[in-house]
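Presented below is the structure to which this report refers.
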Amino acid sequence: MRITMVGTGYVGLVTGTCFANTGNDVTCLDVDPRKIDLLNDGHSPIYEPGLDELIVRNHKAGRLTFTTDKPSAYIDAEIVFICVGTPSDEHGCADLKYVLAAARDIGDAIEQSPGDTGGKTDERRAKIVVIKSTVPVGTNAKVKAEIASRTSKPFFMASNPEFLKEGAAVNDFNKPDRVVIGCADEGTGNRLRDLYDPFVRQGNPIFVMDIPSAE
Numbered sequence: 025m026r027i028t029m030v031g032t033g034y035v036g037l038v039t040g041t042c043f044a045n046t047g048n049d050v051t052c053l054d055v056d057p058r059k060i061d062l063l064n065d066g067h068s069p070i071y072e073p074g075l076d077e078l079i080v081r082n083h084k085a086g087r088l089t090f091t092t093d094k095p096s097a098y099i100d101a102e103i104v105f106i107c108v109g110t111p112s113d114e115h116g117c118a119d120l121k122y123v124l125a126a127a128r129d130i131g132d133a134i135e136q137s138p139g140d141t142g143g144k145t146d147e148r149r150a151k152i153v154v155i156k157s158t159v160p161v162g163t164n165a166k167v168k169a170e171i172a173s174r175t176s177k178p179f180f181m182a183s184n185p186e187f188l189k190e191g192a193a194v195n196d197f198n199k200p201d202r203v204v205i206g207c208a209d210e211g212t213g214n215r216l217r218d219l220y221d222p223f224v225r226q227g228n229p230i231f232v233m234d235i236p237s238a239e
């Protein structure tokens with residue numbers, strides 16, 4: 025699958041690299057050019073055992089690319105994972121400004137992407153937008169509204185919370201004790217099941233539920 029990870033922090037970088045390692049075409053997008061230059065040189069901006077080797081291997085194989093160019097990152101993506109930070113605001117609540125900014129960029133990209141066939145928008149080409157950032161219940165609805173304010177073309181939403189521990193994130197991702205997927209339609213659930221199937225072949229479960237439950 026063609027995947028774009030928005031944010032190359034701990035979650036986005038580990039997730040994107042591991043997806044690339046199972047044969048997906050992954051683009052990691054970040055607004056920090058210094059971080060992208062470092063990654064393109066084969067160096068990780070975070071320390072995580074085993075991650076540097078995976079980055080180099082998949083980057084050389086052409087399955088893992090790093091960019092600051094938003095239009096090129098979004099245009100061909102089938103699935104977009106939002107993995108930006110959600111720092112605490114002055115009241116101790118999750119600050120969603122980076123998540124919502126990513127949603128606006130994604131909405132603009134969907135609006136500009138080819139998606140019309142014979143005068144009708146082809147839902148088979150609609151992007152799946154997955155929130156992997158740590159967010160409160162109701163964030164998917166806010167992101168959906170933000171994207172819909174920028175485009176009338178179809179897209180699908182999903183929630184996919186992360187359970188990575190620093191220092192063991194690569195192993196946690198490759199051998200998860202469970203995967204949680206929240207979605208509103210069977211097609212999105214099946215696509216994400218297929219994406220995660222290589223990581224649960226030891227028999228651990230993939231739980232598919234509604235979006236608020238996953239959040």
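The numbers in the sequence shown follow the working numbering, run straight up by one, and end at 239. The beta carbon of each residue, even a glycine, is placed where N, CA and C say it ideally should be.
Asked, Found
"Could you give the DSSP three-state label for VAL50: helix, strand or coil?", "strand"
"Give the DSSP-derived three-state secondary structure of GLY206 in the structure shown.", "strand"
"Just checking my contact of THR92 with ILE60 at CB under 8 angstroms: how many whole Å lie between their CB atoms?", "5 angstroms"
"With 16 as the cutoff for other CB atoms within 10 Å, does VAL83 come out buried or exposed?", "Checking the displayed sequence, the identity of residue 83 turns out to be His instead of Val. Buried, because 16 or more other Cβ atoms sit within 10 Å of the Cβ of HIS83."
"Once you ignore the five residues that flank GLN226 on each side, which residues in its own chain have a CB closer than 8 angstroms to its CB?", "LYS199"
"Flag this pair as yes or no: are the beta carbons of ILE230 and ARG217 separated by less than 8 angstroms?", "yes"
"Can you list the beta strand (DSSP E) stretches of 3 or more residues lying completely in the stretch 86-149, in chain order?", "88-91, 103-106"
"Please check the pair GLY211 and GLU239, which I expect to be a contact at CB under 8 angstroms, by giving their CB distance rounded to whole angstroms.", "Not confirmed; about 20 angstroms, so no contact."
"For PRO185, I'd like the list of residues in its chain whose CB is within less than 6 angstroms of its CB, leaving aside the five on either flank, ordered along the chain.", "VAL204"
"Rounded to whole angstroms, what is the Cα-Cα separation between LEU124 and VAL108?", "10 angstroms"
"Looking at PHE90: is its Cβ nearer than 8 angstroms to the Cβ of ILE27?", "no"
"On the DSSP letters alone, give me the boundaries of the alpha helix (DSSP H) that VAL80 sits inside.", "75-84"
"Nearest to SER178 by CA position, among PRO69, THR110, GLU135, is which residue?", "Residue identity differs from the one stated: residue 178 is Pro in this sequence, not Ser. Checking every option, the nearest Cα to that of PRO178 belongs to GLU135."
"Determine the direct distance from the alpha carbon of GLY213 to that of VAL232, and round the result to whole angstroms.", "7 angstroms"
"Quick check: what's the CA-CA separation for LYS144 versus GLU102?", "Note that LYS144 scores 46 on pLDDT, short of 50, meaning its location in the model is unreliable; the coordinates nonetheless yield the value given after this. The alpha-carbon atoms of LYS144 and GLU102 are separated by roughly 19 angstroms."
"Is the Cβ-Cβ distance between ARG87 and VAL35 less than 8 angstroms?", "no"
"In the structure shown, what three-state DSSP assignment does MET233 receive?", "strand"
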